[in-house]
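Each remark here refers to the structure printed beneath this line.
Numbering (the UniProt record's numbering), first residue to last: 1 to 469.
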């Protein structure tokens, strides 16, 4: 199936809002572009120049003729230009194909015969060939001569030519380097249309993203109130449930893959698969059984799931339109042999549409508003024994260890911090106990704190049997 049809089918299959479908990139209307043959610049000519530029770019000597396709202006006022640099002083120009030499000769000849100042030097290419269609092909263009050291202002033009003469110009074939800048109306219209499509998508994405983030913030407040520790020193069952839910969610890596290698292959389809895995794991673990005690948590969990579906839909829609954009630019390059597929996204890099961080932004919104309000035990484990840091001892380097492990280090006369290797272990005493952290751990992890305290007491009795008497 061709991309145009598969793109339309995907828009229908995703059950997107009509407003989203209306804002999607109009692939069919944008895929047809005007070619450059009206200037004598066929795709083959441009391709030959690009290959010549690539082949000679690593040499010390400048290429005979080079071409650059670039974008000037701003992301809201795009000015696509083709920039030719031609060195007419070298015999190597004859090595270019006849078609390429003819196209370049036409442009240079027109620039040097139409509007050049009377006293400006005339440059000619080797083996000039007459062209009867020259006037007709260039009648819509304005030409301006611009010398590098000249103080005269540049005139607005569709075709601009700049000369940089490195020596005396005489009647011999010893011309200088000329730069021709071409701004095509067809390109300008094409990229204006493309920019307009991007603007619509940016507006839609900004509004939808704001709505989702507002809902995430509201859900975070509700979850925070639900999992708040009680004052009785008992475990809050809702906190236990959400701690398990969010641990599974982190393991799923729905919007944030765990490694750089996975990030490159983490498509919206992969994210959808991981979301299904997460839902299945929550169900299998029976974290939220059908009881009256879990009604509030179950309701918030359903909201959490709905938010993830909404975020996933946005990521899918964004990815589909990025793919459509890539196909359009690829077709443009195929017909013109230019490099818009790489240069246009680079020029538009500051635009949100070309930013691939939408999924990551969604993840950080969840992490800061929901996951942060439910502390995980992993974040408060002693790096030596990997159990909860009761009692927590904070060294002068700010690294925290449980008191039992710190005492063992001191008994072994080990003075280096196990993390940063700073000499501060033997200097630690009771003043290094982090009482605020201790109270926090007892409040949010009462069960684990009591178990660790009992382990510490048993360890102390083994080391000091006389304490039993």
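Idealized CB from N, CA, C, for every residue including glycine. This structure is a prediction, so every number in the text was calculated from the model and none was measured.
Cβ-Cβ distance between residue i and residue j below 9 Å
{"i": "residue 358", "j": "residue 200", "result": "no"}
{"i": "residue 333", "j": "residue 340", "result": "yes"}
{"i": "residue 404", "j": "residue 456", "result": "yes"}
{"i": "residue 245", "j": "residue 81", "result": "no"}
{"i": "residue 272", "j": "residue 312", "result": "yes"}
{"i": "residue 345", "j": "residue 315", "result": "no"}
{"i": "residue 355", "j": "residue 24", "result": "no"}
{"i": "residue 71", "j": "residue 191", "result": "yes"}
{"i": "residue 317", "j": "residue 20", "result": "yes"}
{"i": "residue 425", "j": "residue 239", "result": "no"}
{"i": "residue 226", "j": "residue 296", "result": "yes"}
{"i": "residue 380", "j": "residue 441", "result": "yes"}
{"i": "residue 384", "j": "residue 300", "result": "no"}
{"i": "residue 304", "j": "residue 219", "result": "yes"}
Environment of residue i [buried if 16+ CB atoms lie within 10 Å]
{"i": "residue 420", "result": "exposed"}
{"i": "residue 342", "result": "exposed"}
{"i": "residue 462", "result": "exposed"}
{"i": "residue 242", "result": "buried"}
{"i": "residue 416", "result": "exposed"}
{"i": "residue 302", "result": "exposed"}
{"i": "residue 230", "result": "exposed"}
{"i": "residue 221", "result": "exposed"}
{"i": "residue 17", "result": "exposed"}
{"i": "residue 211", "result": "exposed"}
{"i": "residue 85", "result": "buried"}
{"i": "residue 309", "result": "exposed"}
{"i": "residue 62", "result": "Confidence at residue 62 is low in this model, with a pLDDT of 44, below 50, so the placement of that residue should be treated as unreliable; the coordinate-derived value is given next. Exposed."}
{"i": "residue 428", "result": "buried"}
{"i": "residue 66", "result": "buried"}
{"i": "residue 411", "result": "exposed"}
{"i": "residue 290", "result": "exposed"}
{"i": "residue 372", "result": "exposed"}
{"i": "residue 135", "result": "Residue confidence is low: residue 135 scores 34 on pLDDT, short of 50, so the model does not pin down where it sits. No coordinate-derived value is stated."}
{"i": "residue 15", "result": "exposed"}
{"i": "residue 336", "result": "buried"}
Cβ neighbours of residue i in the same chain (closer than 6 Å, five flanking residues each side left out)
{"i": "residue 338", "result": "69"}
{"i": "residue 434", "result": "392, 394"}
{"i": "residue 362", "result": "255, 311"}
{"i": "residue 437", "result": "392"}
{"i": "residue 451", "result": "none"}
{"i": "residue 475", "result": "Residue 475 lies beyond the range of the chain shown here (1 to 469); nothing can be said about it."}
{"i": "residue 386", "result": "none"}
{"i": "residue 195", "result": "78"}
{"i": "residue 167", "result": "For residue 167, the pLDDT reaches just 27, beneath the cut-off of 50, and the residue's location in the model is therefore unreliable, although a value from the coordinates is still provided. For residue 167, where only same-chain residues beyond five positions count, there are no Cβ hits under 6 Å."}
Below-9 Å beta-carbon distance, residue i vs any chain B residue
{"i": "residue 240", "result": "The chain labelled as chain B is not found in the depicted structure, where only one protein chain is given."}
Same chain only: Cβ atoms within 7 Å of residue i, ignoring 5 sequence neighbours per side
{"i": "residue 274", "result": "252, 253, 254"}
{"i": "residue 248", "result": "278, 281, 282"}
{"i": "residue 423", "result": "415, 416"}
{"i": "residue 330", "result": "341"}
{"i": "residue 377", "result": "388, 445, 448"}
{"i": "residue 382", "result": "389, 401, 402, 405"}
{"i": "residue 409", "result": "425"}
{"i": "residue 202", "result": "351, 352, 353"}
{"i": "residue 454", "result": "none"}
{"i": "residue 288", "result": "241, 294, 297, 298, 301"}
{"i": "residue 432", "result": "393, 394, 395"}
{"i": "residue 398", "result": "none"}
Residues near residue i in its chain [Cβ-Cβ closer than 8 Å; skip 5 each side]
{"i": "residue 459", "result": "404"}
{"i": "residue 216", "result": "307, 365, 366, 369, 370"}
{"i": "residue 10", "result": "320"}
{"i": "residue 473", "result": "No information on residue 473 is available, as it lies outside the stretch 1 to 469 that the chain covers here."}
{"i": "residue 150", "result": "Residue confidence is low: residue 150 scores 36 on pLDDT, short of 50, so the model does not pin down where it sits. No coordinate-derived value is stated."}
{"i": "residue 204", "result": "19, 20, 23"}
{"i": "residue 73", "result": "79"}
{"i": "residue 206", "result": "352"}
| Is the region 441 to 454 in contact with the region 233 to 241, if contact means three or more CB pairs nearer than 8 Å? | yes
| query | Which residue spans inside the region 356 to 401 form an unbroken alpha helix (DSSP H) run of at least 4? | reply | 358 to 369
| request: Starting from the N-terminal side, write out each stretch of the alpha helix (DSSP H) that is 4 residues or longer and does not extend beyond the region 410 to 460. | output: 435 to 444
| task | May I have a chain-ordered list of the beta strand (DSSP E) segments no shorter than 3 residues that lie completely inside the region 184 to 215? | result | none
| said: Quick check on the DSSP output: what are the complete alpha helix (DSSP H) runs of length 4 or more inside the region 233 to 282, in order along the chain? | reply: 237 to 252, 260 to 264
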